[in-house]
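Participant:
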Amino acid sequence: MVYLLCWLVTLAFYSELVLSGPNLVWIVADDLGYNDVGFHNPDVKSPNIDHLAQTGIKLNQSYVQPLCSPSRTAFMTGIYPFPHLVIQPGQAVCVPLNITMFPEVLKQNGYKTHAVGKWHLGFCNWACTPTFRGFDSFYGFYNGGEDFYTKQYLGYFDFRFNTSVHKQAKGGYSTVPQKYLDMYAHIDDENRRNFSGMVTSMDDAVGRVVTALKEKGIYNNTLIFFTSDPFYL
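Using mature numbering (1 follows the signal peptide of the UniProt record, and there is no 0), the letters of the sequence shown correspond one by one to residues -20 to -1, 1 to 213.
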């Protein structure tokens, strides 16, 4: 079984199975709102996400927290994160170490666990970081955001492959390739045009994950969770 946590639109898949139970793919789309997907708003092109919604179960009577760190804390622990605000870069805090995280429980039950993208649950101590909290591997950044090209946040490089600083990631990613912007050329507001292009780009990535599952022959033995963080989807 495999548990894959995808915090951002950069997605990956690990297919080695160790048990016969279901694989889990959990995709968290940062700052995606109710009106930012095609199954709520026909102006947005998100056919892959729409298909997951139409063929799956829509949890439309539940809400995430209004900020990133609290939402992620709730996802990862099953505990209501009160009081809990966004973890700032200079704060020496993290999700309390006496609280068991979801990937730790999964590993106890035979899963291989991998996380890709944004962490934002604290990194003041190695014990707070992903590979010490139940994940076999981590590819992404610890803070709440960063420049997509330089991988810097507040002037500091922040990108990891497991615990190692991963300089090779610098300059290797574009948030909105031009072909996606061209799909929304009719939108006058630049911010909305860019955001809509990002959503469609993310949707294509979701589609590639689904295709990989099917090619591996394990799509029918996989639970895919898609949610936003924060805001409501």
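Quick reminder that beta carbons are idealized off the backbone N, C-alpha and C, glycines included.
Short check: CB of residue 75 to CB of residue 124, under 8 Å?
Facilitator: Looking up residue 75 in the sequence shown gives position 95. Looking up residue 124 in the sequence shown gives position 144. No, Cβ-Cβ distance for residue 75 and residue 124 is not below 8 Å.
Participant: Given residue 95, which residues of its chain have a CB within under 6 Å of its CB, disregarding the five upstream and five downstream residues?
Facilitator: In the sequence shown, residue 95 corresponds to position 115, counting from 1. Contacts found: -16, 110, 115 and 118.
Participant: Nearest-angstrom Cα distance between residue 18 and residue 182?
Facilitator: Residue 18 sits at position 38 when you count from the first residue of the sequence shown. Residue 182 sits at position 202 when you count from the first residue of the sequence shown. Answer to the nearest angstrom: the Cα atoms are 13 Å apart.
Participant: DSSP three-state label for residue 164, please.
Facilitator: Against the sequence shown, residue 164 aligns to sequence position 184. Residue 164 falls in the coil class under three-state DSSP.
Participant: Jot down the residue ranges of each uninterrupted beta strand (DSSP E) in the stretch 96 to 161, minimum 3 residues, whole runs only, in chain order.
Facilitator: DSSP runs (the beta strand (DSSP E)) wholly in the stretch 96 to 161: 117 to 121.
Participant: Using C-beta distances below 6 Å, list every residue in its chain close to residue 149, excluding the 5 sequence neighbours before and after it, in chain order.
Facilitator: One-based indexing of the sequence shown puts residue 149 at position 169. Cβ within range, chain order: 131 and 139.
Participant: In or out: residue 37 buried (at least 16 other Cβ within 10 Å) or exposed?
Facilitator: If you number the sequence shown from 1, residue 37 lands on position 57. The residue is exposed, with fewer than 16 neighbouring Cβ atoms inside 10 Å.
Participant: Just the Cα atoms here: how many angstroms apart are residue 68 and residue 35?
Facilitator: Translated into positions along the sequence shown, residue 68 becomes position 88. Translated into positions along the sequence shown, residue 35 becomes position 55. One C-alpha to the other measures close to 38 Å.
Participant: Counting along the chain, where does the alpha helix (DSSP H) carrying residue 54 start and finish?
Facilitator: Translated into the one-based positions of the sequence shown, residue 54 becomes position 74. Residues 48 to 57.
Participant: Taking residue 175 as part of the beta strand (DSSP E), name the residues at either end of that continuous run.
Facilitator: Here residue 175 is taken as the residue at index 195 of the sequence shown, counted from 1. Unbroken run through residue 175 is the alpha helix (DSSP H), 170 to 195; no beta strand (DSSP E).
Participant: Looking at C-alpha atoms only, which residue of 86, 122, 90 and 88 is the closest neighbour of residue 102?
Facilitator: The count along the sequence shown starts at 1 and reaches residue 102 at position 122. Among 86, 122, 90 and 88, the Cα nearest to that of residue 102 belongs to 122.
Participant: Per DSSP, which residues does residue 208 bridge with? Please list them.
Facilitator: Position 228 of the sequence shown, counted from the first residue, corresponds to residue 208. Answer by DSSP bridge pairing, in chain order: 9.
Participant: Quick check: the Cα distance between residue 163 and residue 189, rounded to an integer number of angstroms?
Facilitator: As a working note, residue 163 is residue 183 in the sequence shown. As a working note, residue 189 is residue 209 in the sequence shown. Each residue's Cα considered, the two are about 22 Å apart.
Participant: How close, in whole Å, do the beta carbons of residue 10 and residue 209 come, if the pair is a contact with beta carbons under 8 Å?
Facilitator: Mapped onto the sequence shown, residue 10 falls at position 30. Mapped onto the sequence shown, residue 209 falls at position 229. With 8 Å as the limit, residue 10 and residue 209 qualify as a contact, their Cβ atoms being about 6 Å apart.
Participant: Per DSSP, residue 202 forms a beta bridge with which residues?
Facilitator: If you number the sequence shown from 1, residue 202 lands on position 222. Beta-bridge pairing links residue 202 to 3.
Participant: Taking the beta carbon of residue 23 as the centre, do at least 16 other beta carbons fall within 10 Å, making it buried, or is it exposed?
Facilitator: Taking the sequence shown and counting its residues from 1, the one referred to as residue 23 is at position 43. Exposed, because fewer than 16 other Cβ atoms sit within 10 Å of the Cβ of residue 23.
Participant: Could you check if residue 201 belongs to the surroundings of the ligand PLP, using beta carbon to heavy atom distance under 7 Å?
Facilitator: With respect to the ligand PLP, the structure shown offers nothing to examine, as it has no ligands at all.
Participant: My guess is that residue 46 and residue 61 are in contact by the Cβ rule of under 8 Å, so how many angstroms apart are they, rounded?
Facilitator: Taking the sequence shown and counting its residues from 1, the one referred to as residue 46 is at position 66. Taking the sequence shown and counting its residues from 1, the one referred to as residue 61 is at position 81. With 8 Å as the limit, residue 46 and residue 61 do not qualify as a contact, their Cβ atoms being about 11 Å apart.
Participant: Reducing DSSP to helix, strand and coil, say where residue 14 ends up.
Facilitator: Counting from one through the sequence shown, the residue named residue 14 turns up at place 34. Three-state DSSP puts residue 14 in a helix.
Participant: Can you give the Cα-Cα distance for residue -3 and residue 64, rounded to whole angstroms?
Facilitator: Taking the first residue of the sequence shown as 1, we reach residue -3 at position 18. Taking the first residue of the sequence shown as 1, we reach residue 64 at position 84. With a pLDDT of only 48 at residue -3, under 50, the local geometry of the prediction cannot be trusted, and the value read off the model is given with reservation. If you take the alpha carbons of residue -3 and residue 64, they lie about 36 Å apart.
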